[in-house]
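Mapping of the sequence shown onto our numbering: position 129 corresponds to residue 131, and the numbering continues sequentially without gaps. C-beta: ideal position from N, C-alpha, C; glycine also. Report on the structure given below.
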Amino acid sequence: MKYLLTLLLSLSLATCYAQETTFILVRHAEKANDGTKDPALTAEGEARAENLQKMFEEADVAAVYSTNYKRTQLTVAPLAQAKGLEVKPYGWKNPKELLSKILEANAGGIVIISGHSNTTPVLANLLTGKATFTTFEDSDYGNLLIITTTKIGEGNLLQLRY
């Protein structure tokens with residue numbers, strides 16, 4: 003699977019405009035049911051986070067973003083650590099402005115964004131300019147959205163599972 007993703011990303015980047023940016027959007031991995039508002043990951047979630055890291059170990063990731071919740075941070079932590087990158091926190095007041103800033107800061111690169119069942123679909127819809135997603139099911143942690151774009155609202159989507 004990781005070789006397929008590396009090949010897809012390489013082909014995508016090689017055949018596109020010089021400043022086309024690739025956004026990798028994931029919902030956080032499986033969260034613990036510990037009764038708190040900010041749970042960590044379950045063992046299954048930790049394994050999914052490790053799988054995410056392995057999938058992109060050959061990719062030249064420019065930046066990793068996450069909300070301020072443990073579950074989103076822990077989902078991308080193994081990947082960020084392997085790449086020597088910090089997980090950059092992001093807020094949710096203006097998602098379109100957020101994406102514009104991320105695009106400007108990482109033009110031509112690969113960006114990983116970890117979000118939630120209700121925020122990841124919004125980011126995908128904004129990047130593609132299409133109302134493809136509403137929310138992800140509460141039990142669905144395996145969506146992997148790859149969107150390449152030079153401009154917010156004009157992205158091309160590849161939806162995978164991991």
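task = Determine the burial state of Ser116: buried for a count of at least 16 other Cβ atoms within 10 Å of its Cβ, exposed for fewer.
result = That one is buried.
task = Enumerate in chain order the residues of its own chain whose CB-to-CB distance from Lys33 is below 8 Å, with the five nearest sequence positions on each side excluded.
result = Pro41, Ala42, Leu43, Thr44, Gly47, Arg73
key: Delimiting residues of the beta strand (DSSP E) encompassing Ile26   = 23-29
Proximity winner among Ser141, Glu106, Trp94, relative to Phe25 (alpha-carbon distances) = Glu106
query = Who are the Cβ neighbours of Ala2 in its own chain at under 6 Å, not counting the five residues just before and after it?
reply = There is simply no residue 2 to check, as the chain begins at 3 and stops at 164 in what is shown.
C-alpha distance - Cys18 paired with Asp36, whole-angstrom precision = Only weak support exists for where Cys18 lies, its pLDDT of 49 falling under 50; the coordinates are left without a value.
key: Anticipated Cβ contact below 8 Å, Thr151 with Gly157, distance rounded   = 3 Å
Same chain only: Cβ atoms within 7 Å of Glu52, ignoring 5 sequence neighbours per side = Pro80
request  = May I ask you to report which of helix, strand or coil DSSP gives Asn145?
outcome  = strand
message = Here's a check: name, in chain order, each residue in its chain whose Cβ is nearer than 6 Å to the Cβ of Thr77, leaving out the five neighbours to either side.
response = His30, Ala31, Ala51, Ser116
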